[in-house]
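So for the sequence shown, the numbering used here puts the first residue at 126; every next one is plus one.
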Amino acid sequence: MIHLKRLSGMGISQFFQLPFNVYLARNLPLSALRAYLYLWGFLYMIIKIQMCANIAVCLSIMKNGKGIPLPIIVNLFRAVVGVFEHYLEKMVMAYRPLEETTGYLRQRLTVSNRHMLDVLARQGKGAILVTGHFGAVEYLPLALAMSGYKVAMICRFKTKSLKKALIEKAEHFGVMLIDADEPRVAFRALKAIKDGRFLVTECDEFSEWRFHREQKVQVFGRIMPRDRTLDFFFKKAKVPAFMTLIHRQGNSFHLSVDFLADGRTTDSVSAHAWKKLEDYISKFPFQWYQIKGASKFILEHSIEPERVDRRADQNIPGTDSIFSPSFS
Numbered sequence: 126m127i128h129l130k131r132l133s134g135m136g137i138s139q140f141f142q143l144p145f146n147v148y149l150a151r152n153l154p155l156s157a158l159r160a161y162l163y164l165w166g167f168l169y170m171i172i173k174i175q176m177c178a179n180i181a182v183c184l185s186i187m188k189n190g191k192g193i194p195l196p197i198i199v200n201l202f203r204a205v206v207g208v209f210e211h212y213l214e215k216m217v218m219a220y221r222p223l224e225e226t227t228g229y230l231r232q233r234l235t236v237s238n239r240h241m242l243d244v245l246a247r248q249g250k251g252a253i254l255v256t257g258h259f260g261a262v263e264y265l266p267l268a269l270a271m272s273g274y275k276v277a278m279i280c281r282f283k284t285k286s287l288k289k290a291l292i293e294k295a296e297h298f299g300v301m302l303i304d305a306d307e308p309r310v311a312f313r314a315l316k317a318i319k320d321g322r323f324l325v326t327e328c329d330e331f332s333e334w335r336f337h338r339e340q341k342v343q344v345f346g347r348i349m350p351r352d353r354t355l356d357f358f359f360k361k362a363k364v365p366a367f368m369t370l371i372h373r374q375g376n377s378f379h380l381s382v383d384f385l386a387d388g389r390t391t392d393s394v395s396a397h398a399w400k401k402l403e404d405y406i407s408k409f410p411f412q413w414y415q416i417k418g419a420s421k422f423i424l425e426h427s428i429e430p431e432r433v434d435r436r437a438d439q440n441i442p443g444t445d446s447i448f449s450p451s452f453s
């Protein structure tokens, strides 16, 4: 058995990827694996009660920004289950046979607005596909590859076994995984776009945001410095950008493709991308698994309204919506 002291020192990703859990992920039926991970996940949450507190605080922040009309205990339960479901999908993606996973997705996946990507793919042109720690993001590279697209994704791995498993799996379906901890990440990412690949990157990896000195963005109604990383890639690549999210619909999945920018705009793609992602989070709040750790970042970096001048205010995205992701 796992010693409780050892368990309390583990991150949730490392906990779910203990060797015995990996063995079960490879061999248990999916329904049994889900029940097993949920059971151990709730035990983990009891021991790591601070994570539950962080989720509760984040729910409160989100409620002030958009409104979540349910009692806090119900919200907390649904948010925790959403976190567990993310790690279930991670284990399935990394450790189940590829044929099984593709068959599973083929029966359950629908796509909207794929024609926008089809046009670029036929022309052999690259694009930036912005996503978030949202829904079934672990399935996104495979879902895109199954649709015939050439895909690259920047990612950070929490364990060596996960990195090995995912890179081997990605090679089989033609996805290029770029390790964010290795040298020349930006060069490799831009080259992938130039080679006609769709670069997938997340816009809500808050710990990796590089703040703009002056320009701001609203995050759940709170004013914060804007991230400039995505804008850097967009200006260098000069290719169209889209928001691509897979949200869960019961026992099925829906991949939404939303236009962000055409490669020529001078607007902030970072600001537009966050606004679009926040719209989805407001509709499906319990599918955003950054909910387990985002509150600390938001509270630490929120700016008091009186400190924001009129010029900075103009850079906050309005109602119109037009990087460093991790497998964490």
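Note that the Cβ used here is the ideal one computed from N, Cα and C, for glycine as well. Note that the structure is predicted; figures quoted are calculated from it, not measured.
May I have the straight-line CA-CA distance separating residue i from residue j, to the nearest angstrom?
i	j	result
PHE141	ARG159	12 Å
SER377	LYS341	36 Å
ASN179	LEU267	31 Å
GLU403	MET187	10 Å
GLY228	VAL244	26 Å
TYR274	GLN248	12 Å
With a CB to CB cut of under 7 Å and the five nearest residues on each side skipped, what residues in its chain are close to residue i?
i	result
LEU149	LEU158, TYR161
GLY207	PHE411, GLN412, TYR414
PHE209	LEU162, TYR163, GLY166
THR226	VAL217, MET218, LEU267
ARG432	Legend: pLDDT at ARG432 = 48, less than 50; position of this residue unreliable, no value from coordinates given.
SER286	GLN142, VAL147
VAL262	THR256, ILE371
With a CB to CB cut of under 8 Å and the five nearest residues on each side skipped, what residues in its chain are close to residue i?
i	result
ILE303	ALA277, MET278, ILE279, CYS280, VAL310, ARG313, ALA314, ALA317
CYS328	VAL255, THR256, GLY257, ASP352, LEU355, SER395, ALA398, TRP399, LEU402, PHE448
ALA386	PHE359, PRO365, ALA366, ASP392, VAL394, HIS397, ILE447
Along the chain, where does the alpha helix (DSSP H) containing residue i start, and where does it finish?
i	result
SER427	Element bounds for SER427: n/a, residue is neither H nor E.
LEU155	155-172
TYR220	197-220
Checking the sheet assignment: what are the DSSP bridge partners for residue i?
i	result
MET349	VAL342
CYS95	Because residue 95 is not part of the residues shown, which for the chain are 126 to 453, the question remains open.
PHE259	TRP413
PHE384	PHE367
ILE327	The residue asked about is misnamed: residue 327 is Glu in this sequence, not Ile. Looking at the DSSP assignment, GLU327 forms a beta bridge with THR256.
SER377	GLN374
PHE336	ASP352
Out of the options, state which residue places its alpha-carbon closest to the alpha-carbon of residue i.
i	options	result
ILE348	HIS211, VAL325, ILE423	ILE423
SER420	TRP165, SER138, MET176	MET176
SER427	TYR405, GLY321, ASP392, PHE331	PHE331
MET218	GLN343, VAL147, GLN248, PRO365	VAL147
ILE253	ARG373, THR369, SER381	THR369
PHE384	TYR212, GLU296, HIS240	HIS240
ASP356	GLY249, HIS337, VAL182, PHE145	HIS337
PHE345	HIS372, SER407, GLY251	SER407
ALA122	PRO365, TYR405, ARG221	Past the boundaries of the shown model lies residue 122; the chain is included only from 126 to 453, so the question cannot be answered.
Terminal residues of the continuous beta strand (DSSP E) containing residue i?
i	result
GLN459	One cannot answer for residue 459 here, as it falls past the ends of the chain, which runs 126 to 453.
LEU234	234-237
Are there any heavy atoms of the ligand GDP lying less than 7 Å away from the beta-carbon of residue i, as far as the coordinates show?
i	result
LEU287	Absence of the ligand GDP is noted for the structure shown, with no ligands found whatsoever.
Residues in its own chain within less than 6 Å of residue i by CB, not counting five upstream and five downstream?
i	result
LEU380	VAL236, ALA268, ILE371
PHE323	ALA252, LEU254, TYR274, VAL276
ILE292	LEU302
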